[in-house]
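Sequences listed follow chains G and B, in order. Under our numbering, the first residue of the first sequence carries the number 1, and numbering increases by one thereafter. Under our numbering, the first residue of the second sequence carries the number 151, and numbering increases by one thereafter.
2 protein chains.
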Amino acid sequence: MQKHRSINHASAPDGGLADALVTSAFVTMAVVSRLGAEHDLSLSMVRLLGILADRRPRMTELADYLGLEKQTLSGLVARAEKKGWVARAPNPDDGRATDVFLTPEGTKLVRRLHAQGREALAPLTGALAPEDQQALERLLRRLLAARAAA
Amino acid sequence: MQKHRSINHASAPDGGLADALVTSAFVTMAVVSRLGAEHDLSLSMVRLLGILADRRPRMTELADYLGLEKQTLSGLVARAEKKGWVARAPNPDDGRATDVFLTPEGTKLVRRLHAQGREALAPLTGALAPEDQQALERLLRRLLAARAAA
DNA sequence: TATTGTTATACTCTATAACTATA
DNA sequence: TATAGTTATAGAGTATAACAATA
Numbered sequence: 001m002q003k004h005r006s007i008n009h010a011s012a013p014d015g016g017l018a019d020a021l022v023t024s025a026f027v028t029m030a031v032v033s034r035l036g037a038e039h040d041l042s043l044s045m046v047r048l049l050g051i052l053a054d055r056r057p058r059m060t061e062l063a064d065y066l067g068l069e070k071q072t073l074s075g076l077v078a079r080a081e082k083k084g085w086v087a088r089a090p091n092p093d094d095g096r097a098t099d100v101f102l103t104p105e106g107t108k109l110v111r112r113l114h115a116q117g118r119e120a121l122a123p124l125t126g127a128l129a130p131e132d133q134q135a136l137e138r139l140l141r142r143l144l145a146a147r148a149a150a
Numbered sequence: 151m152q153k154h155r156s157i158n159h160a161s162a163p164d165g166g167l168a169d170a171l172v173t174s175a176f177v178t179m180a181v182v183s184r185l186g187a188e189h190d191l192s193l194s195m196v197r198l199l200g201i202l203a204d205r206r207p208r209m210t211e212l213a214d215y216l217g218l219e220k221q222t223l224s225g226l227v228a229r230a231e232k233k234g235w236v237a238r239a240p241n242p243d244d245g246r247a248t249d250v251f252l253t254p255e256g257t258k259l260v261r262r263l264h265a266q267g268r269e270a271l272a273p274l275t276g277a278l279a280p281e282d283q284q285a286l287e288r289l290l291r292r293l294l295a296a297r298a299a300a
């Protein structure tokens, strides 16, 4: 394995919260992406499973939330179904709609991913003192609470 | 446009910094992704251009940093070159290596993206009081400083 | 021999368009 | 008519494998 110069930062050098947010997003996504790859899961699949952890949405809701077209989601869910992680059932209130939810096996997979995700991010999160970790989490959650307006 | 129930959060409900980090990463990436799409740019292309904003790496460095295989990067750079945003030149010190850098047009595009990115994220960042914005940026940068170990 | 980079090929993911069924 | 979802079909993006050139 040959060593060459390495790149040590990713965003514009002048700073700004937006830059820090985008850079940390790329770094975090890289970790999640790598974790997903270990299980042969695409980033969308990881996210799909994560969303279903505590919800039972219909297809259109899922597509909107994931930012995917409904046809694209059909394929993603079909693949997940084939793997045995999710199942579909007709919505009792609307004959046109289909609800999606995790199977027991899917639930197990999500739990495993969740645990491994925390572990994989530990080198980052662990760099902060406990009170800074709490402060960061609080600030991020406040930020996220505003995203309905975005 | 029909309204249906919407999903209001993306990660496990029990919290934890890792969850908040992943959720905010997905949300941030969605904003960046949408911005990129407006310019017909993939997420990888946005990131490539962003990295080149203040660097002139060789292909292998870029591939490592982006987490892409060198062949994949060849294609990405070729597409960017075709669009006139980047150029390649032989590395003066190593006859095997190729350096990549932004063209003037690429630089203009990156500046535009940067400005639009800040604007697109404003609904999120603006939800925090100025001192909280500073605190969040400081915490994120401290987190990122640790990622060499990850 | 090892490393840098490109080309050839195949697979995954996503979107556009056309269709069926229910409201 | 409008909405929910699926099924083609096509294009972008990525990886695996094989190759050419330089160290």
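Here a beta-carbon is modelled for each residue, glycine too, at the ideal position from N, C-alpha and C.
- With respect to the 8 Å criterion, V110 of chain G and G50 of chain G are classified as neighbours on the basis of their beta carbons.
- R208 of chain B is bridged by DSSP to B:D249.
- Taking 8 Å as the cut-off, the beta carbon of A25 of chain G is found no closer than this to the beta carbon of T275 of chain B.
- Secondary-structure assignment with DSSP links V86 of chain G through a beta bridge to G:L102.
- Around the beta carbon of G75 of chain G, a 10 Å sphere encloses fewer than 16 other beta carbons of the protein chains shown; the residue is thus reported as exposed.
- Relative to the Cα of L73 of chain G, the nearest Cα in the group G:L48, G:T23, G:L21 belongs to G:L48.
- The count of Cβ pairs closer than 8 Å, one atom from the stretch 63 to 71 of chain G and one from the stretch 83 to 103 of chain G, stays below three, leaving the stretches out of contact.
- Using a C-beta cut-off of 8 Å, the stretch 261 to 275 of chain B makes contact with the stretch 140 to 147 of chain G, since at least three inter-stretch Cβ pairs fall below that distance.
- Taking C-alpha positions only, G245 of chain B is separated from R206 of chain B by approximately 16 Å.
- In the structure shown, the three-state DSSP call for S24 of chain G is helix.
- Here Q133 of chain G has T125 as same chain residues with Cβ atoms under 7 Å from its own Cβ, once five neighbours each way along the sequence are excluded.
- In this structure, DSSP gives A295 of chain B a state outside helix and strand, which the three-state scheme calls coil.
- The Cβ-Cβ distance between R268 of chain B and A18 of chain G falls below 8 Å.
- Residue state for A30 of chain G is assigned as helix, using DSSP reduced to three classes.
- A check of alpha carbon separations from L113 of chain G across G:L128, G:A30, G:H39 identifies G:H39 as the nearest.
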